[in-house]
Every structure is written in structure tokens, then in C-alpha cells.
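Positions 2 to 222 (this note's numbering) are the ones given, in order, by the sequence shown.
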Amino acid sequence: MWKGQLDAFSKNHTLVTWDMRGHGQSDSPASASEYSANHTVEDMAALLDELNIADATVGGLSLGGYMSLEFHRTFEDRVSALLIIDTGPGFKSDESRNAWNAQANGMADVLSRNGLESLLGRTPEMAQSEHRSLEGLVYAGRHMLTQQNANVIESLPSISKPALVVVGAEDKPFRNASDYMAKKIPGAKMSVIADAGHAVNIDQPDEFNRVVLDFLSKQGL
Numbered sequence: 002m003w004k005g006q007l008d009a010f011s012k013n014h015t016l017v018t019w020d021m022r023g024h025g026q027s028d029s030p031a032s033a034s035e036y037s038a039n040h041t042v043e044d045m046a047a048l049l050d051e052l053n054i055a056d057a058t059v060g061g062l063s064l065g066g067y068m069s070l071e072f073h074r075t076f077e078d079r080v081s082a083l084l085i086i087d088t089g090p091g092f093k094s095d096e097s098r099n100a101w102n103a104q105a106n107g108m109a110d111v112l113s114r115n116g117l118e119s120l121l122g123r124t125p126e127m128a129q130s131e132h133r134s135l136e137g138l139v140y141a142g143r144h145m146l147t148q149q150n151a152n153v154i155e156s157l158p159s160i161s162k163p164a165l166v167v168v169g170a171e172d173k174p175f176r177n178a179s180d181y182m183a184k185k186i187p188g189a190k191m192s193v194i195a196d197a198g199h200a201v202n203i204d205q206p207d208e209f210n211r212v213v214l215d216f217l218s219k220q221g222l
């Protein structure tokens with residue numbers, strides 16, 4: 002899903018892309034207990050360790066953005082800046098969180114029942130994805146996409162690193178969440194990109210690249 006960014010970002014930066022466990026070409030453990038936000042951020046730290054990278058600008062889209070916020074909460078000293086793209090920060094109320102979790106489990110049910118082909122009719126980043134394991138992706142939906150607490154949303158005011166919030170103008174489910182994060186994260190910058198939905202980097206790659214590279218340049222990164 003980041004093919005449109007590889008050339009532009011790697012010209013002047015070291016760029017690392019990866020697949021979360023259960024996704025893409027990464028391994029998919031056979032036990033449901035091996036899938037969680039904690040496992041994800043530990044994987045991220047291990048990847049940086051393997052590459053001898055002490056700290057990095059950390060970012061992602063949707064679940065990737067949420068996990069970037071979780072990574073900052075756990076490993077703040079390893080984050081030089083945050084890129085939060087078409088993302089929500091979680092929920093303060095149990096009712097809203099339970100509704101989100103029901104939706105995530107519903108998606109996992111459909112995936113389990115209909116297979117990986119069921120992704121083709123969804124958002125662009127899902128439609129063009131390639132995954133090794135149906136079971137791993139279902140586990141990820143049930144245990145990584147679901148949320149257990151309000152730790153991430155409550156951590157926003159304590160973020161002291163530079164942060165850029167990007168959202169597609171047509172990504173209506175995440176517009177309010179993006180506005181909220183931009184207000185709660187001290188000094189955060191926000192960009193709403195026209196004619197783009199949930200996969201803003203795919204819908205408008207040139208404008209997305211310009212916005213992100215401008216942010217990095219102004220931060221001296």
C-alpha cells in the first residue's frame with residue numbers, strides 16, 4: 002500500500018516498511034494469544050533493533066496509525082516524530098469501544114467465512130493487499146484491531162514529539178477523530194487532502210507525499 006511513497010520518501014530518508022504479524026508476508030502464529038497491541042509494538046521495537054535504528058519517525062494508516070500511537074506510548078524515546086494517517090485514537094467510553102470491537106469481529110467473521118477474496122470490495126489498501134495466511138489475518142482482526150482500554154486516547158495530551166495528522170476529505174468516519182487528535186496533541190499539524198478517502202496515500206499520492214515531506218523538512222528530519 003506504500004508503493005506510491007517508496008521513491009519519493011527514500012530519496013533523502015531511510016525508509017522502512019513492514020507487515021504486521023498476521024498481515025502480508027509476515028509470519029502468522031497459530032495461537033490467538035500471539036496477537037495484540039503489545040505484541041505489535043514489541044515487533045516494531047525488535048525491527049528497529051535488528052536494523053540498528055535507535056529512533057525513527059513512526060507512522061501508519063488506520064490500524065497502523067493507532068499502533069504508532071501505541072508505540073509512542075510504550076517506547077517514547079524511540080520516536081522522533083509521528084505520522085498519523087486516516088486514524089482514530091480509540092475510545093474513552095466502554096460503549097463506543099464495544100461497538101468498535103463488534104464491528105472488528107464482524108469483519109473477521111466475514112473474512113473467515115468468505116476468505117481473502119472478501120477484501121477486494123473494500124477500501125483500496127485492502128483491495129490491493131496480498132496475505133499469506135487467512136487464519137493470521139482473522140486473528141489480527143479479533144485481537145489487534147479490537148481495543149481493550151482507553152490508554153492511547155488518554156495519552157494524546159502528553160505527546161511532546163512533532164506530529165502530523167493527515168486525513169482524506171472524503172474519509173468521513175475518521176474526520177472527527179483526526180480533528181480531535183490534532184487538537185489534543187500539543188503542537189500537532191493537520192492536513193485534510195481533497196478528493197481522497199480512507200486510503201489517502203493511494204488516492205492522492207503526489208499531494209500526500211508533498212505534505213509529509215514538507216512536514217519532515219520543517220522538523221529537520
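Note that the Cβ used here is the ideal one computed from N, Cα and C, for glycine as well. Note that this is a predicted model, so its numbers are computed, not measured.
Take T124 and list the residues in its own chain whose beta-carbon comes closer than 6 angstroms to its own, dropping the five residues that flank it on each side.
In the sequence shown, residue 124 corresponds to position 123, counting from 1. These residues qualify, in order along the chain: H199 and A200.
Could you tell me if K184 is buried or exposed, where buried requires 16 or more neighbouring beta carbons within 10 angstroms of its beta carbon?
Start at 1 with the first residue of the sequence shown, and residue 184 comes out as number 183. Label assigned to K184: exposed.
Between which two residues does the beta strand (DSSP E) harbouring K190 extend?
As a working note, residue 190 is residue 189 in the sequence shown. Counted as a single uninterrupted DSSP element, the beta strand (DSSP E) harbouring K190 occupies residues K190 to I194.
Taking C-beta to C-beta, are L48 and R79 nearer than 8 angstroms?
Looking up residue 48 in the sequence shown gives position 47. Looking up residue 79 in the sequence shown gives position 78. No; because the gap between Cβ atoms is not below 8 angstroms, this pair is not in contact.
Answer yes or no: do N202 and G5 have a C-beta to C-beta separation smaller than 8 angstroms?
In the sequence shown, the residue the question calls residue 202 occupies position 201. In the sequence shown, the residue the question calls residue 5 occupies position 4. N202 places its beta carbon less than 8 angstroms from that of G5.
I'd like to check one pair, A189 with V166: are the Cβ atoms closer than 8 angstroms?
On the sequence shown, residue 166 is found 165 positions in, with the first residue counted as 1. On the sequence shown, residue 189 is found 188 positions in, with the first residue counted as 1. Yes; because the gap between Cβ atoms is below 8 angstroms, this pair is in contact.
By Cβ distance below 7 angstroms, which residues in the same chain neighbour H132 in space, the five residues on each side in sequence not counted?
On the sequence shown, residue 132 is found 131 positions in, with the first residue counted as 1. Taken in chain order, the residues that qualify are H24, G25, L117 and L138.
DSSP three-state call for T15: helix, strand or coil?
For the purposes of this step, residue 15 is taken as residue 14 along the sequence shown, with counting starting at 1. T15: coil per DSSP, three-state reduction.
If you draw a straight line from the alpha carbon of P163 to that of L135, how long is it in whole angstroms?
The sequence position of residue 163 within the sequence shown is 162, counting from 1. The sequence position of residue 135 within the sequence shown is 134, counting from 1. Rounded to the nearest whole angstrom, the CA to CA distance from P163 to L135 is 37 angstroms.
Can you tell me the Cα-Cα spacing of P187 and R114, whole angstroms?
The residue labelled residue 187 in the question sits at position 186 within the sequence shown. The residue labelled residue 114 in the question sits at position 113 within the sequence shown. Distance from the CA of P187 to the CA of R114, rounded to the nearest whole angstrom, comes to 43 angstroms.
First and last residue of the uninterrupted alpha helix (DSSP H) at G142:
Stepping through the sequence shown from its first residue, residue 142 is reached at position 141. Per DSSP, the continuous alpha helix (DSSP H) segment holding G142 begins and ends at L135 to H144.
Below 8 angstroms on the Cβ atoms is my guess for G142 versus M108; work out the distance and round it to an integer in Å.
Translated into positions along the sequence shown, residue 142 becomes position 141. Translated into positions along the sequence shown, residue 108 becomes position 107. Their Cβ separation, rounded to whole angstroms, is 6 angstroms, which keeps G142 and M108 in contact under 8 angstroms.
To which residues of the same chain is D172 closer than 6 angstroms at the C-beta, ignoring the five residues directly before and after it?
Taking the first residue of the sequence shown as position 1, residue 172 is located at position 171. The answer, listed in chain order, is D87, G198 and H199.
Can you round the beta-carbon distance between A57 and S29 to whole angstroms, since I take them to be within the 8 angstroms contact cut?
One-based indexing of the sequence shown puts residue 57 at position 56. One-based indexing of the sequence shown puts residue 29 at position 28. That belief does not hold up - the Cβ atoms of A57 and S29 are roughly 25 angstroms apart, past 8 angstroms.
Here's the rule I'm using: 16 or more other beta-carbon atoms within 10 Å means buried, otherwise exposed. How should L84 be labelled?
The residue labelled residue 84 in the question sits at position 83 within the sequence shown. Buried is the call here.
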